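The structure appears right after this line, and notes come after that.
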Amino acid sequence: MHASTSVIRTERLTKTFGPSRALDGLDLDVAAGEVHGFLGPNGAGKTTTIRIVLGLMRASGGHVELFGRDPWREAATLHARLAYVAGDVALWPGLTGGQCLDVLGATHGGVREDRRAALIERFDLDPTKRVRDYSKGNRQKVALIAALAADVDLLVLDEPTSGLDPLMEQVFQDVIRERRAAGCTVLLSSHILGEVEALADRVTIIRHGRTVSSGTLADLRQQARMHVHAVTLDAPAGLDRVAGIADVVSTPVDRRVESRFSSDAEHLDAAIGLLHAARIEALTVTPPSLDELFLRAYDEPSRSLGVVAPGAPATPVR
Amino acid sequence: MSLLGLRAALGMQWRTHRRGIVVSVVVLSVMMVGTAGSVAALYSTPEQIQGYAEAVTAGDALVVINGRIDGIDSLGGVIADEFGFLAAFLLPLLGISLVARATRAEEEAGRLELVLAGSVAREVPVVAGLLVATAAIVVTTIAFALGLSVVGVPAARSLLYAASLGALAFVFAGLAAFLAQVSLHTRGVYLWGLLVLAASYVLRGVGDVTNTWVTWLSPLGWAEQAAPFGAMRWWALVIPLAAGSVLAALAVAVAARRDLGSALLRGGVGPAGASRWLRSPLGLAMAIHRPGFLGWLAGAVIVAGLMGGLARQFIDAVLANPAMAEALGVTAGRPVDAVVAITQLYVAIIVTACAVQAIGSLRSEETAGRLEVRLSGTLSRSRWLLAHAVVIGAGLLGIVLVAAAVLAAGIAWSTGAAADLAGIVAAGLAYLPAELLVAGLALALFGLWPRALPAAWAVVAFVTFIALLGPGLRLPAWLLDLAPTTHVGRPPLGTVGEFQLTVLGALAAILVVSAAVGFRRRAVPQH
């Protein structure tokens, strides 16, 4: 059942380098056709996970599947269906950008010429310059174009846009949406939360080599607290007695009462009921941003969204 | 000129480059003192030294290679002659590499930007690089002088000889500092520096043979004209010191005025796409190895061409001298065969070093992150390794064959008689199993224990040491036997044992197979 819908699946994945434990029971499930955001601070194990998924490193324990197969045993065969952009883009210094692009394209099992030309245009790349004369952003463009121009089922992108300017970031997001519309699955490891928020269908947040949380952004928001700002004619009564409501501050302003508090999804209805009884004049409910979800996942792991036992994702895996 | 931040820049350069500096200085000093010691042991009587002097001055061959040494009939003169060829390359290279590492390499890596963003004047990193390089050169000079004195060369002459070599290194340090300002990439500094060195070598050779002022156009000539074992012209040291200082001042002046990351010599444009061949595993492997192989091929061609082209003189002058023939390990057989045997051993050293360097570039692919990207595609590890092994093997074979052809042509031209091409080629090919054994060792390290790969260079150094100095120093047989080249049997002079070659080849094959097995099982990248 999993094998039919999951493009990448890891269960209780562990990896040790000598005494240090890079992965410590990591679960990741990337479904076919989705853009999956892969989030975590530096050193959380994102790159190690990707290398194991690609069969470049062998897992110390746990289970890993790529297209339902073992990536360590069948690395080269499985790679025909994917293209990878590494976090530190390394190119051959003696070659031109265009030559590197084609060499990389050949490792992805070939690029589509029409798409290559269009992407060079859109990313505004000069393919005749030697790679050693390129800036970091331009090297990244070469690797991105090679991956995005390939005719593959899966894109594995490890922090692909850290050197791109906002204009190119926009181009990148447009192209990723086009590729998803064409049925391509994307694993997007990123630090740029706005990018993940704009693109990802589901996200997995990891910390110290473990999955902290996983699900759709809506799911994650469900588990996180919303911020409520209300202006009522009367003072709302009993807000601080509702279980899921916290940080209540009510101040009288111009014969009205301005209230701010945070609420979890479960108790929002009760909170709004109390506000309604106090006659609402203005009401804003702000869902948590991804930044907030991300920071919460790190600041207070025990209290965070999706309190997870090791090995169990916060939300049921589809 | 501002010296703001000099102390910080000096500290930084010493801290980041000290290992390379110490290794360079120690290796050079040990080589120099080792040569001096072995020469002093070999030529212990005035008669032997006289014989050596007559031999090397009999024709122009060795004058071109080693220079015209004033006072060749003294122990110091013999040492200077023996060390002449090596010193002519190693000391300039010391100056170039010390400065290139500290200047343009730092700029290319983006670290200069960080340094200049601090409280450090724009020209100070160049000044610091030159100061550190000069200090290293001075230490080397002192070590040379002490070493020479210890083996019995008069102290004043030792000091002048060492100082003339130090001044030579200083000229090229200044030149490298200037080149680092005008060339965009570190490799440009090395390339242009080595071109100037090659021109100096040619000018010195022409001047020495024609006995004209042309010698004075070359930094190598300046060192020679100090005549430490002859007239002792201390004033001749002023020329290289002045030239180096002018170049250094120029470099500092340019550094104070130019933009970060700017250069006069910039790269051009190239093709906008890769050919079908370049996209294939073999094609890319060839593109990766081509520059290195061309360099080693040039070295082999120069050695084979010089030895072949000067075969006549070499036979007349050197092999007629029994002590020298013994030092070179060629005491029996036809003289022409001795020339071939010596040359093929030199070529074998070059090919061995080339193999280790090529396998080192596989490791560079890995540490730079390019191997990971390459293996994330449809290319399997075995096919990647095979493609590189094929390219490296073909390249080594190519060097052996080209060098043999050049040597044969040179001998035919020099002696006026047709050379035995088949025999020369066979002698070159006989070394292949030994060369592949060292290559296999390096490859096995790459597959099984990649961090230890630099150790393969120690093997190359050992093989070189045994091949060049083994016979002369009368080392014990077991030590000589540790070098695979010893077992080849000095073709065409000696007889080549098929059994030994088979054993060498089999060992090489075992190493290659274990490399392949290890590489398939290990993590990529493995740090």
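Those protein sequence lines, which keep their order, are chains P and G.
The first sequence begins at 6 in this note's numbering and counts up by one.
The second sequence begins at 2 in this note's numbering and counts up by one.
Cβ atoms here follow ideal geometry from the backbone N, Cα and C, with glycine treated the same way.
Bear in mind the structure is a predicted one, so any value in this text is a computation, not a measurement.
Residues sharing a beta bridge with residue i, DSSP
i, result
"P/V233", "P/F266, P/V290"
"G/V504", "Paired residues: none, contrary to the question."
"P/A251", "P/S267"
"P/E70", "P/R14"
"P/H41", "P/L192, P/R207"
"P/V161", "P/Y89, P/L192"
"P/A155", "P/V116"
"G/S25", "Beta-bridge pairing links G/S25 to no other residue."
"P/G220", "P/V208"
"P/K20", "P/L28"
Residue i, buried or exposed, once every other Cβ within 10 Å from all chains shown has been counted against 16
i, result
"G/I511", "exposed"
"G/N67", "buried"
"P/R323", "Here the model assigns P/R323 a pLDDT of 33, short of 50, so the residue's position is not dependable and the matter cannot be decided."
"P/T19", "buried"
"G/Q182", "buried"
"G/H528", "exposed"
"G/W278", "exposed"
"P/S190", "Looking at the sequence itself, residue 190 of chain P is Thr, so the reference to Ser does not match. P/T190 comes out buried."
"G/G189", "buried"
"P/E118", "exposed"
"P/G66", "exposed"
"P/S25", "exposed"
"G/D338", "buried"
"G/W214", "exposed"
"P/V217", "buried"
"G/P529", "Examination of residue 529 of chain G is not possible in this model, given that chain G is present from 2 through 528 alone."
Neighbourhood of residue i by C-beta, 6 Å cutoff - its chain only, sequence neighbours within 5 removed
i, result
"G/G429", "Q345, V401, A405"
"G/L437", "A509"
"G/C355", "W297"
"G/L502", "P434"
Pick from the options that is closest to residue i, judged by C-alpha positions
i, options, result
"G/R105", "G/V127, G/A88, G/A349", "G/V127"
"G/F84", "G/E108, G/S25, G/F145", "G/F145"
"G/V40", "G/L329, G/M233, G/V391", "G/L329"
"G/A321", "G/N212, G/G411, G/Y53", "G/Y53"
"P/G103", "P/S218, P/S65, P/G114, P/N143", "P/N143"
"P/T15", "P/L28, P/G23, P/P24", "P/L28"
"G/L76", "G/G38, G/L117, G/R452", "G/G38"
"P/V94", "P/Q175, P/E79, P/T52, P/T133", "P/T52"
"G/T36", "G/P292, G/L149, G/G498", "G/L149"
"G/I343", "G/A256, G/R491, G/P451, G/G274", "G/R491"
"G/A427", "G/R452, G/L92, G/A468, G/A409", "G/A409"
"P/V108", "G/R521, G/P93, G/L380", "G/L380"
"P/G48", "P/R207, P/H196, P/V201", "P/H196"
"P/V176", "P/L198, P/D158, P/L130, P/I211", "P/L130"
"G/V207", "G/I240, G/L176, G/G222", "G/G222"
"P/Q228", "P/S167, P/V116, P/A302, P/T21", "P/A302"
Pair within 8 Å by beta-carbon distance, residue i and residue j
i, j, result
"G/L283", "G/A224", "no"
"P/R261", "P/T289", "no"
"P/V161", "P/L106", "no"
"P/S194", "P/D163", "yes"
"G/S165", "G/L238", "yes"
"P/A205", "P/H68", "no"
"G/L198", "G/F171", "no"
"G/L176", "G/L248", "yes"
"G/V407", "G/G306", "yes"
Residues near residue i in its chain [Cβ-Cβ closer than 7 Å; skip 5 each side]
i, result
"P/S268", "R230, M231, V233, G249, I250, A276"
"P/P292", "R226, M231"
"G/A264", "V183, S184, L185"
"G/D82", "V57, N67, I70, I73"
"P/I55", "V161, D163, S194"
"G/L29", "L91, L95, T141"
Residue i beta carbon near the ligand COA (any heavy atom closer than 7 Å)
i, result
"P/S264", "For the structure depicted, the ligand COA is absent and the ligand set is empty, with no information on it obtainable."
Cβ neighbours of residue i in the same chain (closer than 8 Å, five flanking residues each side left out)
i, result
"G/V125", "S3, L4, L5, G6, L7, A10"
"G/V357", "V439, A440, A443, A457, W458, V460, V461"
"P/T83", "Sequence check: residue 83 of chain P is Leu here, not Thr. Here the set comprises G60, L71, F72, R74, P76."
"P/V180", "L124, R127, L153"
"G/L87", "M32, T36"
"P/H281", "none"
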